[in-house]
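Sequential numbering from 2 applies to the sequence shown in this note's numbering.
By construction, the Cβ of each residue, glycine as well, lies at the ideal position given by its N, Cα and C atoms.
Notes to accompany the following structure.
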Amino acid sequence: MSVANGLLRLQKLARPSFALARCLHPATGRLYHSSGRLQEVHHIPATASWTLPLSRSLTTKPAEDAGDSGYHSIIRDQEKTVGNSDKHEFQAETRMLLDIVARSLYSDKEVFVRELVSNASDALEKFRFLIQSSADGSGEFVEADRSLEIHIGTNKQERQLTIQDTGIGMTREELIAHLGTIARSGSKHFIEQLKESGKGTQENVQNIIGQFGVGFYSAFMVADRVDVYTRSARAGSPGLKWSSDGSGTFEVQEAENVAVGTKIVVHLKGDCREFADEDRIREVIRKYSNFVGSPIYLNGKQANQIQPIWLMEPKQVTADQHNEFYRFVGNTFDVPRFTLHYKTDVPLSIRALLYFPEGKPGLFEMSRDTDIGVALYTRKVLIQSKTENLLPKWLRFLKGVVDSEDIPLNLSRELLQNSALIRKLRVALTNRALRFLHDRSQKEPESYDKFYKDYGLFLKEGIVTSQEQQEKEEIARLLRFETSKEAGRTVSLPEYCERQAEGQKDIYYLAAPNRTLAEASPYYESLKKRGIEVLFCYEAYDELVLMQLGMYLGKNLVSVEKEMRRSDSAKDAGADGVIEGSLLQTQIDELLPWLKQRLAGKVSTVKTTTKLDSHPCVVTVEEMAAARHFIKTQSHNMSEENRYALLQPQFEINAKHPIIKKLHKLTTSDPELAELLAKQLFSNAMVGAGLVDDPRMLLTSMNDLLQKKLVRPSLALARCHQQGPAIVRGLNHNSGRFRHGKQRHTKKMAEAITETNLVTFLQQLAEINAKYPIIKTVAVLLAKKLFLGAFYSIWLVDEPNSLIATIKKLLQKVKDLM
């Protein structure tokens with residue numbers, strides 16, 4: 002019968018613990034698997050006495066799993082003390098330190114698992130180095146060819162957590178020195194010895210985690226008692242047991258059946274039983290110790306199967322490895338869009354692996370309250386999963402790992418110290434990410450444009466929040482804008498600067514919701530005539546970003562509104578200083594103070610401008626972007642008077658425009674109408690500048706102007722009162738003029754006629770019907786003439802059916818009134 006068949010039969014007939022004991026080779030201590038292969042578990046001398054109690058096991062795994070091919074555990078409840086124990090007392094200062102470590106040093110109790118696993122990893126690395134550097138390791142050390150592993154067992158019933166390694170172990174002297182003295186780091190002492198001897202390589206040193214000598218005592222945060230079984234790997238070393246309840250004393254005693262290495266049994270307090278749960282420990286391992294250099298087995302199953310690929314050479318890492326690691330660190334199911342994997346030793350030792358997500362950010366990710374997605378490690382052990390100061394907040398969408406030996410840590414490994422070094426690390430990482438994105442934008446513009454569409458807002462946030470102008474400009478070269486030159490194509494700021502017009506010293510930008518409105522903006526007219534390219538900012542916050550940037554490559558970023566506010570040139574004026582087609586200077590001198598008086602409390606200055614062509618007027622303020630932002634976010638509870646006092650708008654009129662010329666005439670012929678028109682022009686300019694948050698506020702003044710212009714019953718009534726029936730002849734005469742001039746006037750009339758203003762007019766006529774019966778006839782005739790004009794204009798409007806329906810309703814109202 003083969004060994005494999007014999008094993009299978011034993012597994013069916015015997016208890017798993019007994020079967021495992023039978024299948025351990027008596028000389029080598031190796032475990033035979035059903036596959037027929039030898040699985041090295043632990044070398045035990047042939048003379049060792051094996052006592053495997055069948056009453057209980059430290060693992061919570063079902064007994065049947067012991068025969069599974071993936072199950073592997075070395076934890077045995079086999080140690081037995083012999084002889085008398087030596088009792089030692091911690092010194093008074095040490096007892097105080099122990100109390101501080103156990104109660105105050107660490108913010109989370111779970112980190113004790115990290116500390117004990119890190120100690121176990123250091124024990125393995127020390128043994129690995131000693132074997133490699135020993136001329137004849139097999140003679141100096143026992144079981145020199147054993148597997149280097151960490152095993153963890155949980156027992157919920159007994160409230161126990163066991164952590165065992167197959168590392169270097171400890172002698173009695175080392176046990177008393179290392180565990181009897183707080184803040185004496187055996188790992189640090191080992192590194193110092195390596196450096197003094199000149200035998201240690203950079204890799205050996207990097208793999209040693211311990212620094213402070215306090216991690217072991219974190220177990221007393223959760224433990225009533227801690228037992229340590231250890232046996233040094235040096236030949237002839239006995240097994241030992243160290244035990245303490247953390248109250249001020251510890252005992253050391255020899256023990257039998259102790260495997261080479263160290264085994265720590267943590268007897269948990271009643272309120273810490275969660276750490277005897279397998280899932281809870283797996284969670285902690287995954288969080289803190291997933292990347293230690295040796296395999297970790299939890300209740301017989303390997304718990305750390307993902308490699309620390311950030312320590313590998315970038316060219317050696319496959320796409321599949323990157324995808325798997327990204328899903329692990331990003332807690333996601335997709336694949337990364339871009340991967341930045343680099344390492345450097347200048348100015349700091351940095352091993353970084355950063356991923357740019359593929360998916361679009363959600364609303365939660367856009368929030369600045371979202372944590373940084375890059376974890377901080379030192380020597381493969383997690384320090385902080387969400388490191389606040391490692392990267393600027395605007396790079397919070399990145400996922401990945403940063404590992405640095407130069408990171409200054411405090412005693413608990415939880416807080417970063419030496420802010421100057423942290424700032425240097427932050428700057429190095431930020432600059433590398435920016436350089437990576439710039440390279441990507443040059444080499445793969447299409448993929449970068451897609452990234453910018455999804456994550457451009459984060460870059461703009463970086464410009465607004467950064468305190469360094471150099472960093473702002475580094476981010477700014479990643480921005481993309483449409484310009485007035487070509488629709489549908491975006492350009493970068495460097496590209497814009499390269500093709501600037503000769504003599505152009507500034508970079509101009511215009512904020513508008515879309516291209517159509519941008520090209521129709523009155524502020525763009527002057528620059529368009531001069532052939533100057535302008536950046537179009539379609540997002541509401543773009544102009545704030547460029548305002549915060551202020552300058553790029555020594556060129557000022559100037560909004561077109563600010564350019565409009567600058568003093569005009571006189572190149573459009575003739576030899577006598579008069580601009581062709583404009584109001585005379587004497588007329589301008591009359592109009593400007595009249596406007597300022599009528600707009601008192603709203604404008605700071607009224608002036609003419611030569612930078613307008615098709616628009617009658619504009620409003621400018623000193624910082625238009627800031628003003629618009631203020632209006633939208635902070636001015637809701639302010640009175641209109643205070644709002645204008647804060648904005649200090651400047652009203653600029655185009656003296657060549659027909660409306661402005663007509664306004665000047667109305668100031669003398671119809672001052673009331675002129676004042677309404679002036680206020681409406683100012684309101685329109687405020688809307689065009691984006692300085693009115695609620696346009697409904699303008700409806701009253703607009704209706705007043707329409708009523709004044711279109712409904713003038715006082716004049717009609719005066720004529721009716723004075724001329725009586727003669728008015729009919731006038732109406733007939735006017736109707737003929739109306740018909741002949743319909744192409745000039747009817748469309749405007751049709752667009753202006755509304756049900757409200759006509760009915761108001763007719764009602765006013767009907768009110769004096771009792772005094773002047775002729776008015777009834779006049780009203781009917783007048784209404785007919787108005788309706789006839791509207792009817793003639795049907796072919797000039799876009800929706801004749803709608804106009805006909807309006808006329809029918811008006812006729813019905815006339816009948817009701819008459």
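Selection from the options that minimises the alpha carbon distance to residue i
| i | options | result |
| --- | --- | --- |
| Q79 | T231, T388 and L377 | T231 |
| G602 | E624, K608 and Y645 | Y645 |
| E111 | P672, Y289 and T371 | Y289 |
| T609 | A429, L593 and G216 | L593 |
| I384 | K394, P393, F339 and F292 | F292 |
| K657 | F365, P495 and Q588 | Q588 |
| D507 | R629, K556 and L518 | K556 |
| A145 | L269, I132 and T668 | I132 |
| N515 | Q501, S485, P495 and A502 | S485 |
| G691 | E534, G240 and S522 | S522 |
| R436 | L479, K425, K461 and D407 | L479 |
| N258 | I408, T182, K81 and E325 | K81 |
| R629 | A124, M687 and E653 | M687 |
| T379 | D280, A353 and L364 | A353 |
Three-state class that DSSP yields for residue i in the structure shown
| i | result |
| --- | --- |
| K242 | strand |
| T182 | coil |
| G689 | helix |
| L299 | strand |
| H89 | strand |
| N432 | helix |
| G457 | helix |
| K608 | strand |
| M552 | strand |
| A256 | strand |
| H665 | helix |
| G463 | helix |
| F142 | strand |
| E159 | coil |
| A871 | With the chain running from 2 to 819 in the structure shown, residue 871 is simply not present. |
| R115 | helix |
| D123 | helix |
| I164 | strand |
| G216 | helix |
| R644 | helix |
| K81 | strand |
| R567 | coil |
| K680 | helix |
| Q651 | strand |
| N557 | strand |
| I76 | coil |
Sequence-distant residues of its chain with Cβ nearer than 6 angstroms to residue i (five each side left out)
| i | result |
| --- | --- |
| K473 | I464, S467 and L550 |
| A512 | C538 and E544 |
| Q649 | S605 |
| I351 | T345 and S405 |
| V229 | W243 and I265 |
| R730 | Because R730 carries a pLDDT of 43, less than 50, the predicted location of this residue cannot be relied on, and no value is offered for it. |
Own chain partners of residue i with C-beta closer than 8 angstroms, once the 5 adjacent residues on each side are dropped
| i | result |
| --- | --- |
| K530 | D614 |
| E526 | K612, L613, D614, S615 and H616 |
| K157 | T61, R274, A277 and D278 |
| F398 | F357, P358, P362, E366, G374, Y456 and F459 |
Nearest-angstrom Cβ-Cβ length linking residue i and residue j, presumed shorter than 8 angstroms
| i | j | result |
| --- | --- | --- |
| E499 | T491 | No, E499 and T491 are not in contact; Cβ-Cβ is about 15 angstroms, not under 8 angstroms. |
| L396 | A434 | 6 angstroms |
| S850 | G170 | Not covered by the structure: residue 850. The range shown for the chain is 2 to 819. |
| V336 | S86 | About 58 angstroms; that fails the 8 angstroms criterion. |
| H152 | A224 | The Cβ separation is near 19 angstroms, so there is no contact. |
| S1 | G294 | Residue coverage of the chain in this structure runs from 2 to 819, which leaves residue 1 outside it and unanswerable. |
| V559 | K461 | V559 to K461, Cβ: 18 angstroms. No contact. |
Cutoff 7 angstroms; reference residue i; Cβ partners in own chain excluding five residues on either side
| i | result |
| --- | --- |
| V330 | A376, K400, G401 and V402 |
| A675 | L664, L667 and T668 |
Residue i CB to nearest heavy atom of the ligand ADP below 7 angstroms
| i | result |
| --- | --- |
| E581 | Among the components of this structure there are no ligands whatsoever, and the ligand ADP is therefore not found. |
List, from N- to C-terminal side, the alpha helix (DSSP H) runs of 4 residues or more that fit wholly inside the stretch 320-402. 320-331 and 364-367
Which runs of the alpha helix (DSSP H), 4 residues or longer, sit entirely within the stretch 490-532? 494-499, 516-520 and 526-530
Report the start-end ranges of each beta strand (DSSP E) in the stretch 617-643 that is 3 residues or longer and not cut off at the edges. 618-621
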